[in-house]
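S.K.: Just so you know, the protein sequences line up as chains D and V, in that order. Residues 1 to 407 in this note's numbering are what the first sequence lists, from first letter to last. Residues 1001 to 1120 in this note's numbering are what the second sequence lists, from first letter to last.
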Amino acid sequence: MTASDAIAVTRALDAVLRQDRGRLLAALIARLRDFQLAEDALQEAAVSALSHWARVGLPSSPQGWLLRVALRKAIDRIRAGQRDGRKAADLARLAVDEADETPPEDIPDERLRLIFTCCHPALDPKSRVALTLRTIAGLTTPEIARAFLDAEPTMGQRLSRAKAKIAAARIPFAVPGPEDWPDRLQSVLAVLYLIYNAGYTTGPLADRDLCAEALFLARLLTQLRPAEAEIEGCLALLLLTQSRAGARIGPDGATLPLLEQDRDLWDKAAIAEGLALIDTAMARRAPGPYQIKAAIAACHIAVPCPDWPQIAALYTRLLDFEPTPVIRLNRAVALAEAGHLAQALTVLSDLAEALEDYQPFHAAQADLLARAGQGQAARAAYDRAIALAASPSDAAFLIKRRDNRPI
Amino acid sequence: MQYMLLIYGAPEAEPAYGTPEIATMMAGYGALSERMKADGTLRGGEGLQGVETATSLRIRNGKVETMDGPFATTKEHLGGYYIVDVPDLDAALKYAAMVPSALYGTVEVRPLMDYNPAGN
């Protein structure tokens, strides 16, 4: 075999795994009911593929080949170790699957079940995020560790513990029934949002862009479960937020507030898609928090300026779903922008204790106090916000504000 | 798969005797018990007397040490348990959500050790 053959095979395998790892893994877990066994078997199959494909050429269906070989590897492991004491009948059933020459387009897509398992509320929230990135989006453990500024062994242990709990506590590999669907879907969407936010905060420094992964997962959900208003709302929210990604940092490295951003840098296609999705979702008459948040994002980019009264009204509606201090804070900011500064400041003073360590609270308070002419209090709030800023860009923006304002 | 539902609560957080709340709570326990029996999932369950009746014991250096009180001095005490036999964690969590004390305390759901996973 020449070096170029070897490289070609490696490339082909990489492409298949990048594209279809989640789908293959889901199909394997559906049959094996064991995350770790499925992952190990797929890994072994990938290693076999390299030598086998180099010898005889690419199979007509690389996905089908990998699935079949992974099943055979898993059966070997079960037989060798009887690791979970499976009955002979189980092994026989798996052997039938293994012999089955299913064309790849007929491999049932089990990823929706896999997503709901990974995002099960019985798992710790951070583990849900990590497991979803590992199994569905196909990130490696080192990539996930870097994205969350964790040591690699720590992230590895987190993933192992989560997989072990799924097996030991028998967290079902299933799409929840109608009774549990709304709550469980919110749990899945929260994971997507956390992934997006992690990418937004760290920026494209990590080798895998988590914002893009979150968008991929949201799109995947809309395909796996079409006509679901909240999924459409979530995708719309991510698209509208992402549309401004290219414009949110100024030439001096400081975060730019929306009104100072160069609109020509906004992604028009993403905005159009996001707005259309909101319309589609709203027409389903099944309101939910993600649709409301998407609508708020749409109002923020309204021409010629944000529609603050409408934003305040939407936050009031959002409080029905999420009665949290953060939503109250956002509502107060919208009220101030809509001209009710005194009312907003009253709300903020009620929230001071609950949001003591929340950076956006201090940034908002600083801004509103400065507008109300309370210079000294505003300066103190700016200092606190700068100390708590999550990124250098945010800190730079706040320092600029603090020092340039006539306070 | 068998799960134990461990019911923890702070006695002072639970409704007092003679209140309408306690009547609702007792009715809730009755309904849960009936439901589990009707489903054929109930394998066991008891309520425990208060922690003031508890005695803890350990052996150190070959010597039995006996102490008054529960294993851990926490505000919330283990007050009782159920054992249910259900297909998966979701089914066990459904019953846990029906335990009336979940309104005042916490229900911990733990799978029982399975000594014969092959089922033969």
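All C-beta atoms in this analysis are idealised placements derived from N, C-alpha and C, irrespective of residue type, glycine included.
Exposed or buried, what is D:Tyr196 when buried is set at 16 or more other beta-carbons lying within 10 Å of its beta-carbon?
M.R.: Indexing the first sequence from 1 puts residue 196 of chain D at position 196. D:Tyr196 comes out buried.
S.K.: I want to verify the contact list: residues of chain V whose CB lies under 8 Å from the CB of D:Pro415, in sequence order.
M.R.: This structure gives no information on residue 415 of chain D, because the portion of chain D shown stretches from 1 to 407.
S.K.: Between the region 69-80 of chain D and the region 129-148 of chain D, are three or more C-beta pairs nearer than 8 Å?
M.R.: no
S.K.: How long is the line joining the alpha carbons of D:Ala378 and D:His362, rounded to whole angstroms?
M.R.: Looking up residue 378 of chain D in the first sequence gives position 378. Looking up residue 362 of chain D in the first sequence gives position 362. Each residue's CA atom was taken as its position, placing D:Ala378 and D:His362 some 9 Å apart.
S.K.: 8 Å is my cut-off, CB to CB: does V:Met1001 come that close to chain D?
M.R.: As a first step, residue 1001 of chain V is located in the second sequence; it is residue number 1 there, counting from the start. Yes, V:Met1001 lies at the interface with chain D (some Cβ there is under 8 Å from its Cβ).
S.K.: Would you identify the three-state DSSP class for V:Gln1049, choosing helix, strand or coil?
M.R.: Within the second sequence, numbered from 1, the residue matching residue 1049 of chain V stands at position 49. Residue state, collapsed to three classes: coil.
S.K.: What does D:Ala6 touch in chain V if you count any residue whose Cβ is under 8 Å from its own?
M.R.: Here the question's residue 6 of chain D lines up with position 6 in the first sequence. In chain order: nothing, as chain V lies at least about 42 Å away.
S.K.: Is there at least one Cβ from chain D nearer than 8 Å to V:Pro1111's Cβ?
M.R.: Taking the first residue of the second sequence as position 1, residue 1111 of chain V is located at position 111. With 8 Å as the cut-off, V:Pro1111 counts as an interface residue toward chain D.
S.K.: Terminal residues of the continuous alpha helix (DSSP H) containing D:Gly156?
M.R.: As a position in the first sequence, residue 156 of chain D is number 156, starting the count at 1. Boundaries of the alpha helix (DSSP H) around D:Gly156: 152-168.
S.K.: Determine the contact status of V:Arg1058 and V:Met1098, defining contact as a CB-CB distance below 8 Å.
M.R.: Looking up residue 1058 of chain V in the second sequence gives position 58. Looking up residue 1098 of chain V in the second sequence gives position 98. Going by C-beta atoms, V:Arg1058 is not nearer than 8 Å to V:Met1098.
S.K.: Using a beta-carbon distance below 8 Å, is V:Tyr1017 in contact with chain D?
M.R.: By 1-based counting over the second sequence, the position of residue 1017 of chain V is 17. Not one chain D Cβ lies under 8 Å of V:Tyr1017.
S.K.: What residues in its chain sit with their C-beta under 8 Å from that of D:Arg161, if we drop five residues either side in the sequence?
M.R.: Taking the first residue of the first sequence as 1, we reach residue 161 of chain D at position 161. Hits under 8 Å: Ser127.
S.K.: In angstroms with no decimal places, state the Cα-to-Cα distance between D:Pro178 and D:Ala352.
M.R.: Position 178 of the first sequence, counted from the first residue, corresponds to residue 178 of chain D. Position 352 of the first sequence, counted from the first residue, corresponds to residue 352 of chain D. Between D:Pro178 and D:Ala352, the C-alpha separation is close to 39 Å.
S.K.: May I ask you to report which of helix, strand or coil DSSP gives D:His52?
M.R.: As a position in the first sequence, residue 52 of chain D is number 52, starting the count at 1. In the structure shown, D:His52 sits in a helix (DSSP, three-state: H, G or I).
S.K.: Beta carbon of D:Leu13, beta carbon of D:Ala46: below 8 Å?
M.R.: As a working note, residue 13 of chain D is residue 13 in the first sequence. As a working note, residue 46 of chain D is residue 46 in the first sequence. In this structure, D:Ala46 lies closer than 8 Å to D:Leu13 by Cβ.
S.K.: Counting only runs that start and end within the region 262-310 of chain D, where is the alpha helix (DSSP H) found for 4 or more residues in a row?
M.R.: Every alpha helix (DSSP H) of 4 residues or more that sits fully in the region 262-310 of chain D is shown, in chain order, as 268-283, 289-300.
S.K.: Leaving out five residues before and five after D:Asp262 in sequence, what residues of the same chain have Cβ atoms less than 8 Å from its Cβ?
M.R.: Residue 262 of chain D sits at position 262 when you count from the first residue of the first sequence. Cβ neighbours of D:Asp262 beyond the five flanking positions: Ala247.
S.K.: Along the chain, where does the beta strand (DSSP E) that runs through V:Thr1106 open and close?
M.R.: Stepping through the second sequence from its first residue, residue 1106 of chain V is reached at position 106. Counting along the chain, the beta strand (DSSP E) containing V:Thr1106 begins and ends at 1106-1111.
S.K.: Specify, as a first and last residue, the run of the beta strand (DSSP E) that V:His1077 falls within.
M.R.: Here residue 1077 of chain V corresponds to residue number 77 of the second sequence, with the count starting at 1. Counting along the chain, the beta strand (DSSP E) containing V:His1077 begins and ends at 1077-1085.
S.K.: Where does D:Val16 fall in DSSP's three states?
M.R.: For the purposes of this step, residue 16 of chain D is taken as residue 16 along the first sequence, with counting starting at 1. In the structure shown, D:Val16 sits in a helix (DSSP, three-state: H, G or I).
S.K.: Select from V:Glu1108, V:Ile1007, V:Pro1111 the residue whose C-alpha is nearest the C-alpha of V:Gln1049.
M.R.: Residue numbering aside, residue 1049 of chain V sits at position 49 when the second sequence is read from its first letter. When only C-alpha atoms are compared, the closest one is V:Ile1007.
S.K.: Just curious, the beta strand (DSSP E) that V:Leu1103 is in, first and last residue?
M.R.: Translated into positions along the second sequence, residue 1103 of chain V becomes position 103. Unbroken run through V:Leu1103: none, as it is neither H nor E.
S.K.: Take V:Asn1120 and list the residues in its own chain whose beta-carbon comes closer than 7 Å to its own, dropping the five residues that flank it on each side.
M.R.: Along the second sequence, one-based indexing puts residue 1120 of chain V at 120. Reliability fails at V:Asn1120, whose pLDDT of 45 lies under 50, so the model's placement of it is uncertain and the value that follows must be treated cautiously. Contacts found: none.
S.K.: So V:Val1086 and V:Gly1069 are in contact, right, with Cβ under 8 Å, and what is the actual spacing, rounded?
M.R.: Along the second sequence, read from residue 1 onward, the residue named residue 1086 of chain V stands at position 86. Along the second sequence, read from residue 1 onward, the residue named residue 1069 of chain V stands at position 69. 34 Å between Cβ atoms; not a contact.
S.K.: Using 8 Å as the threshold, is the C-beta distance between D:Ala364 and D:Val333 below it?
M.R.: As a working mapping, residue 364 of chain D is identified with position 364 in the first sequence. As a working mapping, residue 333 of chain D is identified with position 333 in the first sequence. Cβ atoms of D:Ala364 and D:Val333: closer than 8 Å.
S.K.: Mapping the DSSP letters down to three states, classify D:Phe353 as helix, strand or coil.
M.R.: Your numbering for residue 353 of chain D matches position 353 in the first sequence. As written in the sequence, residue 353 of chain D is Glu, which differs from the Phe given in the question. D:Glu353: coil per DSSP, three-state reduction.
S.K.: Are there three or more Cβ pairs, one per stretch, closer than 8 Å when the region 103-123 of chain D is compared with the region 165-183 of chain D?
M.R.: Taking a contact to require three or more Cβ pairs closer than 8 Å, the region 103-123 of chain D and the region 165-183 of chain D qualify as touching.
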